[in-house]
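**Q** Structure in structure tokens, see below.
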Amino acid sequence: MIRRFSSVSFGRWPNPFNVSWTMRPGPVHMGERLDVALVRRGMADSRTKAHRLIASGAVSVDGSVVAKPSAIVSTDVPIEVEPGPGYVSRGALKLVGAFESFARYGLTAPRGMDCLDIGASTGGFTQVLLRGGAGRVIALDVGHGQLHPDLAHDPRVVEMSGVNIRDVEAGDLPFVPELVVSDVSFISMTLVIPVISRITRPGARIVVLVKPQFEVGRRNLGHHGVVRDEGLRRSSLDGVSRCAADHGLDVVSTAESPVVGMHGNREYLLYAVRR
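Counting in UniProt numbering, the sequence shown runs from 1 upward without gaps.
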């Protein structure tokens with residue numbers, strides 16, 4: 001049987017189900033850049049300081065750490081700034097994790113050592129080395145003007161900006177490094193390791209970050225460039241380990257990085273000694 005409903009007027013439109021409701025406009029979420037939001041809310045004095053807070057991993061949006069100053073957030077979303085350990089970048093925690101993971105394998109604090117930081121960027125790794133007592137640190141990066149001012153003005157730091165590590169020869173450095181650390185992007189570590197081999201002497205210690213997203217090839221990348229296949233991730237680590245062995249480095253140990261990379265990429269730490 002077909003039930004017929006009487007039409008009851010609701011404004012200009014018929015309401016065939018004879019019910020009433022109240023129409024309320026939903027909230028309008030306007031978006032703005034995260035660095036702009038921090039300044040507008042008084043959580044940072046300037047966008048430059050906002051960038052540093054974000055890079056250090058101290059900024060959470062709705063409970064999740066966001067690492068991009070350009071990330072768009074709604075104007076009413078909760079933003080928190082956590083007091084960090086004073087590092088200039090979140091990446092510093094990766095090297096802290098390396099010293100913790102590899103201590104049992106002989107990786108000790110770099111007291112008095114001459115060090116090289118490849119891919120220094122804002123200087124997270126450089127800062128960890130200095131806090132560990134490093135005598136001198138070369139902060140090398142292909143970019144310009146990224147090193148944190150506090151580090152750039154430190155007399156123990158030799159800044160080499162605008163330098164591509166692939167072009168470096170031993171004579172290009174002010175001293176031969178006893179410890180080399182590296183966190184680079186958009187380049188395979190298999191292209192960096194041969195350089196590390198030729199600019200170091202036997203006994204030098206090497207700690208590098210292996211990023212599968214820059215090792216497996218574009219066709220194996222998922223959404224946002226994430227390598228979700230654990231087999232591919234392990235294969236990329238094995239490939240870098242073989243490259244190290246082929247270029248005079250004895251791989252002592254590997255470990256998963258304690259800090260997840262951009263968009264959730266899993267990354268690995270590799271500790272080796274120059275033979």
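Every residue, glycine too, gets a C-beta built ideally from N, C-alpha and C.
Assess contact between the segment 102 to 116 and the segment 177 to 190, defined as three or more Cβ pairs (one per stretch) separated by less than 8 angstroms. Is contact present?
**A** yes
**Q** On a CA-only basis, which of Arg201, Ala204, Ser60, Gly97 is nearest Glu256? Give me that one, please.
**A** Gly97
**Q** For the alpha helix (DSSP H) that Val240 lies in, which residues bound it at each end?
**A** 230 to 246
**Q** Please state the DSSP three-state secondary structure of Asp62.
**A** coil
**Q** If you measure between the beta carbons of Ala58 and Val36, is that distance less than 7 angstroms?
**A** No, Cβ-Cβ distance for Ala58 and Val36 is not below 7 angstroms.
**Q** Rounded to a whole number of angstroms, what is the C-alpha to C-alpha distance between His223 and Arg111?
**A** 42 angstroms
**Q** Taking all protein chains shown into account, decide if Ile72 is buried (16 or more other Cβ within 10 angstroms of its Cβ) or exposed.
**A** exposed
**Q** Excluding five sequence neighbours on each side, which residues of the same chain lie with their C-beta closer than 7 angstroms to the C-beta of Asp250?
**A** Ala272, Val273, Arg275
**Q** Does DSSP put Gly106 in a helix, in a strand, or in coil?
**A** coil
**Q** What number of angstroms, rounded off, separates the C-alpha of Met23 from the C-alpha of Thr75?
**A** Confidence in Met23 is poor, its pLDDT being 34 and thus under 50, which makes the residue's placement unreliable; the coordinate value appears in the next sentence. Just so you know, the alpha carbons of Met23 and Thr75 end up roughly 24 angstroms apart.
**Q** In this structure, how does DSSP classify Leu173 when only helix, strand and coil are distinguished?
**A** In the three-state reduction of the DSSP assignment, Leu173 falls in the coil class, being assigned neither a helical nor a strand state.
**Q** Under a three-way DSSP split, which group does Gly31 fall into?
**A** strand
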